[in-house]
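When the letters of the sequence shown are read in order and numbered with this note's numbering, they come out as residues 3 to 407.
For glycine and all other residues, C-beta sits at the position ideal for the given N, C-alpha and C.
Since we're looking at a predicted model, the values are computed, not measured.
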Amino acid sequence: MVTVTSFFADNLIQFARTLRAAGLRLGPSMVLDALAAMQHIDLSHRDQVRVGLRSVLVHRSEDLDLFEQAFALFFDGTKPLSADSEPLVKKSAANRSGDPLLRRVTEALFGSASRPPPQGPSPDEIDCALTWSADRALRHRDFADMTTEELLEAQRIIANLRFAVTPRPTRRTQPSSRGQRFDFRRTLRHSLRSHGESLLPHYRQPRWLPPPLCILCDVSGSMARYTEMLLRFAHTLLSQRRRVECFVFGTELHRITHSLRGRDIDLALRRCSAQVHDFGGGTRLATGIHEFNVKWSRRVLTQGAWLLLISDGLDRDDRYDLASEAARLHRSTKRLLWCNPLLGFDGFAPLAKGIRTLLPYVDDFRPVHNLDSLADLAAALADGRSPLHRRAVSATVSAAKDVGP
């Protein structure tokens with residue numbers, strides 16, 4: 003066994019900081035566990051070190067690619083670390099590419115040093131055009147293309163979203179001074195206090211409440227680039243609106259309403275990650291909808307509930323008929339909204355079989371790929387009137403028929 007030197011420990015601590023800056027959730031205790039694990043591993047074997055660190059520092063399947071990219075860039079196998087070199091071996095900026103994951107890792111490694119200094123105005127000049135462009139560009143940028151700093155800013159914006167909920171009349175009633183319905187029982191009960199000498203009429207009126215909302219979110223591997231942001235959106239919605247249920251599905255269906263509640267979003271996401279074991283796995287869309295229809299639809303889709311289905315529609319499940327399950331889901335809810343991140347791409351066409359199958363049964367078809375689309379979705383959940391998107395659904399259905407099977 004090779005003894006863990008102070009230099010390697012410094013490198014390991016710096017590597018943990020790089021992973022944290024790139025978006026991996028880990029704390030000091032996990033770094034101590036990694037140092038203890040290295041005491042039992044031959045440090046001269048690169049693969050053993052990689053597997054050992056991965057088993058200790060990575061606890062979610064969606065973070066595996068991030069760890070592999072960071073390990074490949076941080077620990078250069080062609081140039082072993084020496085005792086006189088810096089703890090962070092500088093890599094060439096040529097390693098950058100268009101891969102968003104690789105860009106996040108390289109920015110976590112180099113910070114702003116690898117980027118050219120901004121060409122700002124001189125001290126005598128004032129540039130007012132750039133005071134709004136950065137935030138506007140961030141709102142239009144796809145979540146998959148954001149840098150680490152931009153993702154943190156996007157998380158802050160999502161946490162500060164406000165949902166203006168429009169209440170609607172329900173079938174239940176409440177006491178009122180001048181209602182639409184005479185309350186005979188309450189009038190008689192109050193008359194007993196005066197032994198029937200005074201008979202004051204009492205009335206009731208409908209109770210106004212926002213409709214219940216159910217979120218059904220796809221957390222499969224094809225949605226991995228958007229899952230965290232969408233769950234943060236669901237967390238903000240849960241904290242501001244009553245009667246909201248949240249489910250996720252990949253290969254199985256999981257109810258995460260209680261796990262997602264709480265003020266600390268990071269703690270809530272960790273609880274969800276511990277509960278859901280198929281994050282970033284396969285997609286069984288028809289099975290997930292079938293389990294929801296059988297076990298949960300009669301419980302949560304009551305009193306005119308709305309359903310928010312978040313999925314890319316890429317399904318290879320042949321166990322159940324997706325069309326019949328989608329039709330049953332549409333009959334069970336007052337309004338079915340389908341949010342698909344693929345809709346944000348230019349030239350989107352309903353080529354996938356799952357997308358063509360689901361489209362005839364949705365009332366609204368929306369993108370959820372950037373901050374602007376989430377803001378539009380928040381407005382739609384409050385208003386419920388979106389004729390433009392209903393026309394878009396009809397046009398997309400017609401395009402799907404033209405594409406054919």
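Under 8 Å between C-beta atoms of residue i and residue j
i: G177; j: W210; result: The residue you asked about is not Gly; residue 177 is Pro in the sequence shown. Against a cut-off of 8 Å, the Cβ pair of W210 and P177 comes out as no contact.
i: V53; j: A39; result: no
i: C274; j: T259; result: no
i: M225; j: F145; result: no
i: D366; j: A382; result: yes
i: S222; j: Y205; result: no
i: H142; j: D374; result: yes
i: F69; j: R56; result: yes
i: L379; j: I160; result: no
i: A384; j: Y363; result: no
i: P343; j: Y228; result: yes
i: L218; j: F281; result: no
i: R27; j: R272; result: yes
i: P352; j: L338; result: no
i: L215; j: R243; result: yes
i: K355; j: G306; result: no
i: R265; j: Q157; result: no
i: L324; j: T359; result: yes
i: A72; j: T20; result: yes
As assigned by DSSP and simplified to three states, the class of residue i
i: S94; result: Model confidence at S94 stands at a pLDDT of 34, short of 50, so the residue's coordinates are unreliable and nothing is read from them.
i: D144; result: coil
i: D129; result: With a pLDDT of 37 at D129, under the threshold of 50, the predicted position of this residue should be treated as unreliable, though the coordinate-derived value follows. DSSP places D129 in coil when its eight states are reduced to three.
i: F184; result: strand
i: I312; result: strand
i: H260; result: helix
i: D374; result: helix
i: L255; result: strand
i: P82; result: Confidence in P82 is poor, its pLDDT being 37 and thus under 50, which makes the residue's placement too unreliable to answer from.
i: S8; result: helix
i: V278; result: coil
i: R265; result: coil
i: F350; result: coil
i: F318; result: Per the sequence presented here, residue 318 reads as Arg, with Phe not at that position. Note: R318 maps to coil in three-state DSSP.
i: Q242; result: helix
i: L190; result: helix
i: R273; result: helix
i: R22; result: helix
i: S224; result: helix
i: L14; result: helix
Terminal residues of the beta strand (DSSP E) in which residue i lies
i: Y1; result: With the chain covering only 3 through 407, there is no way to say anything about residue 1.
i: L218; result: L215 to D220
i: P177; result: R170 to S178
i: V246; result: V246 to F251
i: Q338; result: The residue asked about is misnamed: residue 338 is Leu in this sequence, not Gln. Per DSSP, L338 belongs to the beta strand (DSSP E) from R337 to C341.
i: D366; result: D366 to R368
Nearest neighbour of residue i, chosen from the options [CA to CA]
i: R164; options: T229, F9, L240 and V364; result: L240
i: R138; options: N372, Y363 and C341; result: N372
i: D220; options: R195, L311 and T149; result: L311
i: D67; options: G25, A354, D44 and I160; result: G25
i: L316; options: S334, L345 and L37; result: L345
i: S326; options: P343, R337 and I291; result: I291
i: S46; options: D323, F10, L360 and P214; result: F10
i: R321; options: L379, E254 and R56; result: E254
i: L154; options: R22, S200 and A351; result: R22
i: R257; options: Q277, I267, Q242 and R244; result: Q277
i: S334; options: W308, S313 and D348; result: W308
i: R62; options: H279, L14, L353 and T149; result: H279
i: D185; options: G198, T168, E199 and P203; result: P203
i: I267; options: T289, T238, R245 and V250; result: T238
i: I357; options: W340, D348, E199 and F347; result: W340
i: R173; options: H197, Q157 and P213; result: P213
i: A270; options: G252, A236 and V33; result: A236
i: V33; options: I43, N13, D44 and Q50; result: N13
i: R183; options: G349, Q16 and P208; result: P208
i: T331; options: W298, F350, F347 and D348; result: Sequence inspection shows Leu at residue 331; the Thr mentioned does not correspond to that position. L331 has its Cα closest to that of W298, out of W298, F350, F347 and D348.
i: G252; options: T168, F76, I15 and S313; result: S313
Extent of the continuous alpha helix (DSSP H) to which residue i belongs
i: D67; result: L66 to F76
i: R52; result: R48 to L59
i: T304; result: Neither: T304 is in no alpha helix (DSSP H) and is coded neither H nor E.
i: Q157; result: T150 to A161
i: R330; result: L324 to S334
i: G290; result: L287 to K297
i: S31; result: P30 to M40
Residue-chain proximity (residue i, chain D), Cβ-Cβ < 8 Å
i: S31; result: Of the protein chains in the structure, only one exists, and it is not chain D.
**Request:** Spell out a yes or no on whether the segment 271-289 and the segment 177-194 are touching, meaning 3 or more CB-CB pairs, one atom from each, closer than 8 Å.
**Result:** no
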